[in-house]
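**Q**
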Amino acid sequence: MISDEKIFAGKILIIDDNVLNVQILKKILTNAGFINITTTTDSTQALALYKEIQPDLLLLDLVMPQMDGFAVMLQLSLLNPDDYLPILILTAEEESIRFKALQAGAKDFLHKPYEHLDVLLKSRNIIEVRLLYNQIKNHNVSLEQQVNDRIKEIRDTRLDVIQRLAIAAELRDAGAGKHIYRMSRYCQLLAMAIGFSKEQGELLLTTSPLHDIGKIAIPDSILLKPAALEHHEFEIIKTHTTLGAKMLSGSDSVFLKMAETIALTHHEKWDGTGYPNKIKGEDIPLVGRICAVADVFDALTSARPYKQAWTIENALQEIKFLKGTHFDPKLVEAFEDIANEVKVIHDQM
Numbered sequence: 385m386i387s388d389e390k391i392f393a394g395k396i397l398i399i400d401d402n403v404l405n406v407q408i409l410k411k412i413l414t415n416a417g418f419i420n421i422t423t424t425t426d427s428t429q430a431l432a433l434y435k436e437i438q439p440d441l442l443l444l445d446l447v448m449p450q451m452d453g454f455a456v457m458l459q460l461s462l463l464n465p466d467d468y469l470p471i472l473i474l475t476a477e478e479e480s481i482r483f484k485a486l487q488a489g490a491k492d493f494l495h496k497p498y499e500h501l502d503v504l505l506k507s508r509n510i511i512e513v514r515l516l517y518n519q520i521k522n523h524n525v526s527l528e529q530q531v532n533d534r535i536k537e538i539r540d541t542r543l544d545v546i547q548r549l550a551i552a553a554e555l556r557d558a559g560a561g562k563h564i565y566r567m568s569r570y571c572q573l574l575a576m577a578i579g580f581s582k583e584q585g586e587l588l589l590t591t592s593p594l595h596d597i598g599k600i601a602i603p604d605s606i607l608l609k610p611a612a613l614e615h616h617e618f619e620i621i622k623t624h625t626t627l628g629a630k631m632l633s634g635s636d637s638v639f640l641k642m643a644e645t646i647a648l649t650h651h652e653k654w655d656g657t658g659y660p661n662k663i664k665g666e667d668i669p670l671v672g673r674i675c676a677v678a679d680v681f682d683a684l685t686s687a688r689p690y691k692q693a694w695t696i697e698n699a700l701q702e703i704k705f706l707k708g709t710h711f712d713p714k715l716v717e718a719f720e721d722i723a724n725e726v727k728v729i730h731d732q733m
């Protein structure tokens, strides 16, 4: 419920070209205890005053020069179509006009000449409804903000858990470091360059760090071997793609489905010589093709125990050289276009 104190403090706007009518209404309301009353006899000021005051009650005459009450109500309805317009019409017109005013947004009528009790009861009712409406609206805004905050918290927590899982896999590799951070940002940047939406780009940013999650299941004796791998050992390394996909499979989550696709296909090659399934061309899911470019570029530009880091220029040349064999030609061209932005990420991380 709304207290009397709040009701009597409600903001009232009176618009009537008749000075005497304005004075009568203001006196009735003031004597009753209403303390926040603004008046005008110029209806052309209606919109500006409404915006400024945000009244809880608008006492509006219908018949006025320059701009009548219907024109004023039309302006106000266009100002905020979903708002509750607290309009109390001042009229001596016939019933058909009053019905037309109701259709235009009026909530009730005051008949001329005014009766004190009628003015006070109807004014109080509309102010109370308006204050309740605002109370509910503000509560809904607060609830929406709480929901948004909770969604953000869940999203941030999910991202944090994913990154920790990805780091766990990366730490078992000799190439541990900031690989997943750089690689995922390269993926997002490349995806946006070829037309992904902001939401799709953020989804790829979040899921791509799990591309090597399957390495958790690879034996240390192979994963951490300082010497060159035997053929059978490399075949075991290659299973991190299917192992990773298996770990991430079985969910209805769009997020985990994308992560599963990336884990399985980021080592497939455009010409069909990749692994694990030797698929080629556009049969390779686009997110897998994007991650392939980003993953190889970061591997080339990162120092490992068995190699020095390549320069960005040399790595870009290698990516370009592998265009049409290892990588989707269109993605290579897009990656060249964003080379300066890639360099910024590389230097920052």
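Whatever position you read off the sequence shown (first residue = 1), add 384 for this note's numbering. Heads up, the beta-carbon is just placed ideally off N, CA and C, and yes, glycines get one too.
With the cut-off set at 8 Å, would you say glutamine 459 and leucine 431 are in Cβ contact?
**A** As a first step, residue 459 must be located in the sequence shown, where it is residue number 75. As a first step, residue 431 must be located in the sequence shown, where it is residue number 47. Their beta carbons are under 8 Å apart, which means glutamine 459 touches leucine 431 by this criterion.
**Q** Taking only runs that begin and end inside the stretch 404-487, name each unbroken beta strand (DSSP E) of 3 or more residues, in chain order.
**A** Complete beta strand (DSSP E) runs here, min 3: 421-424, 441-445, 471-475.
**Q** Bridge partners for leucine 494 per DSSP, in chain order?
**A** Locating residue 494 in the sequence shown gives position 110, counting from the first residue. Per DSSP, Leu474.
**Q** For isoleucine 398, which of helix, strand or coil comes out of DSSP?
**A** As a position in the sequence shown, residue 398 is number 14, starting the count at 1. Strand, per DSSP.
**Q** Indicate the three-state DSSP secondary structure (helix, strand or coil) for phenylalanine 580 in the structure shown.
**A** For this step, residue 580 is matched to residue 196 along the sequence shown. Reduced to three states, the DSSP call for phenylalanine 580 is coil.
**Q** If I follow the unbroken alpha helix (DSSP H) through isoleucine 696, where does it start and stop?
**A** By one-based count along the sequence shown, residue 696 stands at place 312. Run containing isoleucine 696: 696-705, per the alpha helix (DSSP H) assignment.
**Q** Where does the unbroken alpha helix (DSSP H) through tyrosine 596 begin, and where does it stop?
**A** What you label residue 596 is simply residue 212 of the sequence shown in a count that begins at 1. Position check: residue 596 holds aspartate in this sequence, whereas tyrosine was assumed. Aspartate 596 -> no alpha helix (DSSP H), and no H or E assigned at all.
**Q** According to DSSP, is lysine 691 part of a helix, a strand, or is it coil?
**A** Position 307 of the sequence shown, counted from the start, is the residue given in the question as residue 691. Looking at lysine 691 - three-state DSSP - the assignment turns out to be strand.
**Q** Count the C-beta pairs between the stretch 507-514 and the stretch 440-447 that are closer than 8 Å, then say yes if the count reaches three, no if not.
**A** Yes, they touch.
**Q** Anyone know if the C-beta pair for glutamine 547 and isoleucine 535 falls short of 8 Å?
**A** Counted from its first residue, the sequence shown places residue 547 at position 163. Counted from its first residue, the sequence shown places residue 535 at position 151. No, Cβ-Cβ distance for glutamine 547 and isoleucine 535 is not below 8 Å.
**Q** Can you give me the Cβ contacts of isoleucine 510 inside the same chain, cut-off strictly under 7 Å, excluding the 5 residues immediately before and after it?
**A** For this step, residue 510 is matched to residue 126 along the sequence shown. Closer than 7 Å at the Cβ level, and outside the excluded window around isoleucine 510, lie Leu441, Pro470, Leu472, Lys491, Asp492.
**Q** Mind checking which residues open and close the alpha helix (DSSP H) that includes threonine 623?
**A** For this step, residue 623 is matched to residue 239 along the sequence shown. It is not in any alpha helix (DSSP H) - threonine 623 carries neither H nor E in the DSSP assignment.
**Q** Do methionine 448 and serine 480 have their C-beta atoms closer together than 8 Å?
**A** Locating residue 448 in the sequence shown gives position 64, counting from the first residue. Locating residue 480 in the sequence shown gives position 96, counting from the first residue. No, the pair does not count as a contact, with Cβ atoms beyond the cut-off.
**Q** Just how far apart, CA to CA, sit lysine 727 and glutamine 529?
**A** By 1-based counting over the sequence shown, the position of residue 727 is 343. By 1-based counting over the sequence shown, the position of residue 529 is 145. So the two alpha carbons sit approximately 37 Å from each other.
**Q** Would you say the beta carbon of isoleucine 538 comes nearer than 7 Å to a heavy atom of the ligand FMN?
**A** Ligands in the displayed structure: none, and consequently the ligand FMN is not present.
**Q** Nearest by alpha-carbon distance to glycine 489: which of Lys496, Asp502, Ile396, Leu462 is it?
**A** What you label residue 489 is simply residue 105 of the sequence shown in a count that begins at 1. Glycine 489 has its Cα closest to that of Leu462, out of Lys496, Asp502, Ile396, Leu462.
**Q** According to DSSP, what are the bridge partners of phenylalanine 711?
**A** Here residue 711 refers to the residue found at position 327 of the sequence shown. DSSP lists Lys707 as partners of phenylalanine 711.
**Q** If isoleucine 597 sits next to alanine 647, beta carbons under 8 Å apart, how far is it from one beta carbon to the other, in whole angstroms?
**A** As a position in the sequence shown, residue 597 is number 213, starting the count at 1. As a position in the sequence shown, residue 647 is number 263, starting the count at 1. Between alanine 647 and isoleucine 597 the Cβ distance is about 6 Å, and since that is below 8 Å, they are a contact.
**Q** Please state whether DSSP places tyrosine 357 in a helix, a strand or coil.
**A** There is no way to answer for residue 357, as the model of the chain reaches only from 385 to 733.
**Q** If I follow the unbroken alpha helix (DSSP H) through isoleucine 729, where does it start and stop?
**A** Here residue 729 refers to the residue found at position 345 of the sequence shown. From DSSP, the alpha helix (DSSP H) with isoleucine 729 extends over 723-732.
**Q** If we count the other Cβ atoms within 10 Å of its Cβ and call it buried at 16 or more, is proline 593 buried or exposed?
**A** Within the sequence shown, the letter at position 209 stands for residue 593. The residue is buried, with at least 16 neighbouring Cβ atoms inside 10 Å.
**Q** Give the DSSP-derived three-state secondary structure of lysine 536 in the structure shown.
**A** By 1-based counting over the sequence shown, the position of residue 536 is 152. Three-state result, lysine 536: helix.
**Q** Between the C-alpha atoms of valine 716 and asparagine 724, what's the straight-line distance to the nearest angstrom?
**A** The sequence position of residue 716 within the sequence shown is 332, counting from 1. The sequence position of residue 724 within the sequence shown is 340, counting from 1. Cα-Cα distance, rounded: 14 Å.
**Q** Would you mind sorting aspartate 538 into buried or exposed? The rule is 16 or more other CB atoms within 10 Å of its CB.
**A** On the sequence shown, position 154 is the one that residue 538 refers to. Looking at the sequence shown, residue 538 is not aspartate but isoleucine. Exposed: under 16 other Cβ atoms inside 10 Å.
**Q** What's the C-alpha gap between aspartate 445 and valine 503?
**A** Taking the sequence shown and counting its residues from 1, the one referred to as residue 445 is at position 61. Taking the sequence shown and counting its residues from 1, the one referred to as residue 503 is at position 119. Cα-Cα distance, rounded: 14 Å.
**Q** At the level of alpha carbons, what is the spacing between glycine 585 and proline 465?
**A** In the sequence shown, the residue the question calls residue 585 occupies position 201. In the sequence shown, the residue the question calls residue 465 occupies position 81. Computed Cα separation, rounded: 35 Å.
**Q** Counting only the same chain and skipping the five closest in sequence on each side, list residues whose C-beta sits under 6 Å from that of glycine 753.
**A** This structure cannot settle anything about residue 753, because the visible part of the chain is limited to 385 through 733.
**Q** Run through DSSP, which three-state label would isoleucine 602 get?
**A** The count along the sequence shown starts at 1 and reaches residue 602 at position 218. Isoleucine 602 falls in the coil class under three-state DSSP.
**Q** If we ignore side chains and look at the alpha-carbon of each, how far apart do glutamate 720 and histidine 710 end up?
**A** On the sequence shown, residue 720 is found 336 positions in, with the first residue counted as 1. On the sequence shown, residue 710 is found 326 positions in, with the first residue counted as 1. In a straight line, the C-alpha of glutamate 720 is about 16 Å away from that of histidine 710.
**Q** Are the CB atoms of isoleucine 621 and leucine 613 nearer to each other than 8 Å?
**A** Sequence index remark: in the sequence shown, residue 621 carries index 237 (1-based). Sequence index remark: in the sequence shown, residue 613 carries index 229 (1-based). A contact, by the Cβ cut-off of 8 Å.
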